[in-house]
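These notes are about the structure you will find just below.
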Amino acid sequence: MFEQMSYDAQLAYLQGVAEKALQKWALPEPTDLKLLSLSENATYRVDLPDRDPLILRVHRTDYHSRDGIQTELDWMKALQEEAGIQTPQSIDGRDGSAIQEVVSAALDEVRYVTLFHFIDGDEPDESDLIEPFKKLGEVTGKMHNHARGWTLPSYFDRLVWDYDGCIGDTPNWGDWRKGPGLKPEDVGTLEAVADLIKQRLTAFGQSPQRFGLIHSDIRLANLLICGDDTRVIDFDDCGLGWFLYDLASAVSFIETNPGLDKAIDAWVEGYRRSASLSEEEEREIPTFIMMRRLTLFAWLGSHPTADLAQELGDSFAQGTVALGKAYLEQFQS
62 MFEQMSYDAQ LAYLQGVAEK ALQKWALPEP TDLKLLSLSE NATYRVDLPD RDPLILRVHR
122 TDYHSRDGIQ TELDWMKALQ EEAGIQTPQS IDGRDGSAIQ EVVSAALDEV RYVTLFHFID
182 GDEPDESDLI EPFKKLGEVT GKMHNHARGW TLPSYFDRLV WDYDGCIGDT PNWGDWRKGP
242 GLKPEDVGTL EAVADLIKQR LTAFGQSPQR FGLIHSDIRL ANLLICGDDT RVIDFDDCGL
302 GWFLYDLASA VSFIETNPGL DKAIDAWVEG YRRSASLSEE EEREIPTFIM MRRLTLFAWL
362 GSHPTADLAQ ELGDSFAQGT VALGKAYLEQ FQS
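Take the sequence shown: its letter number 239 is residue 300 in this note's numbering, and every next letter is one higher.
Right under this line is the structure:
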């Protein structure tokens, strides 16, 4: 099984899958195939002679179905063509399909692979969060407006980021109780937090104005700035959820940053340039940030070998408990 391989063996295996997959597109011989990131998927930069590079994505098994991947590609195409938001555009293989399959006899598995045009741009400067968060909020509002009016395909199949899908009975990223470094005496505090989140989100409701198709990981690391144009990448986690969950995603891993409140205000200002956000909805922002924090904590627990999990260590648990106590103090009657 892939999960039982050493890290180096996994890298070598995925490199082989990527090399084999490239034969399924009508391309010249690559001059280089470089791994850019390894998380849920393995993402490679494909350098080719006398043309722009491409981006190859080897999908993780058992995360998205073929229909789910096609839905993601469809929405990215619609956002670019209908909303004017530049996103990664897929390239069809020799057989006319954007989704190719690579069969591994060694592991008895099938890997889906997709290929994209390269998008130019620079990640926003995070030394001052205010202006980048205004841009982030504005483009997120445009995406939400589009999502509200876009007809989902008949084969729609994406993750659901509701309470159960985040921190409830069917969590997409695992049980937050298994997060790294959580002390037994702090479990009760976070249980109370989770219960309060559920109570408040039940009251908040899932009307079409508040709940729909979201990016679910739209943070500065997934924006590219090219002149005055704001471009969006990495739709791998897109699915159904509350629109405000995208704001919570924007502050992933910076929830304890002293400048968080100003960054949130900047996001809201930018968002209201392109979409509506009521005062009632704005008041619920801390609930979504707390739910996202617990969701990330679960991810760290289910990905113990990830670089981020190693880097954060037990400090993320301590910060999560502190945020939880503040949340209870703010909202518990």
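Think of the CB as a built atom: it goes at the ideal place given N, C-alpha and C, for glycine as much as any other residue.
As the structure is a prediction and not an experimental result, all values here were calculated from the model.
Within a Cβ cutoff of 7 Å, which residues of the same chain sit near residue i, ignoring the five residues on either side of it in sequence?
i      : result
TYR306 : TRP222, ILE275, SER277, PHE349, ARG353
GLN147 : GLN141, ILE180, ASP290, ARG292
VAL200 : ILE146, THR291, VAL293
ASN102 : ARG118, VAL119, HIS120, ARG121, ASP297
LEU389 : ALA253, VAL254, LEU257
ARG238 : VAL248
Please name the residue or residues paired with residue i in a DSSP beta bridge.
i      : result
SER151 : PHE177
Leaving out the 5 sequence neighbours to the left and right, which residues in its chain are closer than 8 Å to residue i when beta-carbon positions are compared?
i      : result
LEU168 : MET62, PHE63, TYR74
ASP156 : LYS85
THR231 : ASP225
ARG271 : PHE265, TRP303, PHE304, LEU305, GLU342
GLU133 : HIS125, ARG219, PHE296, ASP297, CYS299
ALA378 : GLY240, PRO241, GLY242, LEU243, LYS244, ASP247, PHE358
ALA79  : LEU94, ALA103, TYR105, LEU117, VAL119, VAL174
GLU162 : VAL171, ARG172, TYR173, VAL174
CA-CA distance, residue i and residue j?
i      : j      : result
TYR216 : VAL329 : 33 Å
GLN76  : ARG172 : 12 Å
GLN150 : LYS386 : 43 Å
GLU170 : LYS203 : 39 Å
GLY456 : ARG219 : Nothing about residue 456 can be read from this structure; the chain reaches only from 62 to 394.
PRO319 : ALA87  : 50 Å
LEU83  : LYS138 : 22 Å
GLY198 : GLY331 : 5 Å
MET66  : LEU72  : 10 Å
ALA367 : TYR105 : 18 Å
ALA159 : ASP135 : 11 Å
VAL382 : LEU301 : 27 Å
GLU184 : SER335 : 22 Å
GLU187 : LEU281 : 8 Å
GLU143 : SER313 : 29 Å
LEU262 : GLY182 : 37 Å
ASP69  : ILE191 : 40 Å
Leaving out five residues before and five after residue i in sequence, what residues of the same chain have Cβ atoms less than 6 Å from its Cβ?
i      : result
PHE194 : ALA324, ALA327, TRP328
GLY235 : ALA359, GLY362, SER363
GLY380 : THR317
Helix, strand or coil: how does DSSP classify residue i here?
i      : result
PHE377 : helix
VAL221 : strand
THR250 : helix
ARG334 : coil
ARG344 : helix
ARG121 : coil
GLN393 : coil
ILE146 : coil
PRO245 : helix
SER363 : helix
THR132 : helix
TRP237 : helix
ILE350 : helix
TYR74  : helix
THR231 : coil
GLY157 : coil
MET137 : helix
TYR388 : helix
TYR68  : helix
For chain B, is any of its Cβ atoms less than 8 Å away from the one on residue i?
i      : result
ASP322 : Annotation note: the requested chain B is absent from the structure, which comprises a single protein chain.
At which residue ranges does the segment 79-116 contain complete beta strand (DSSP E) runs of 3 or more residues, listed in the order of the chain?
93-99, 103-108
What ranges does the beta strand (DSSP E) occupy inside the segment 160-213, keeping only unbroken runs of at least 3 residues that lie completely in it?
161-165, 170-178
Every unbroken alpha helix (DSSP H) inside the segment 259-332 [4 residues or more]
306-311, 321-332
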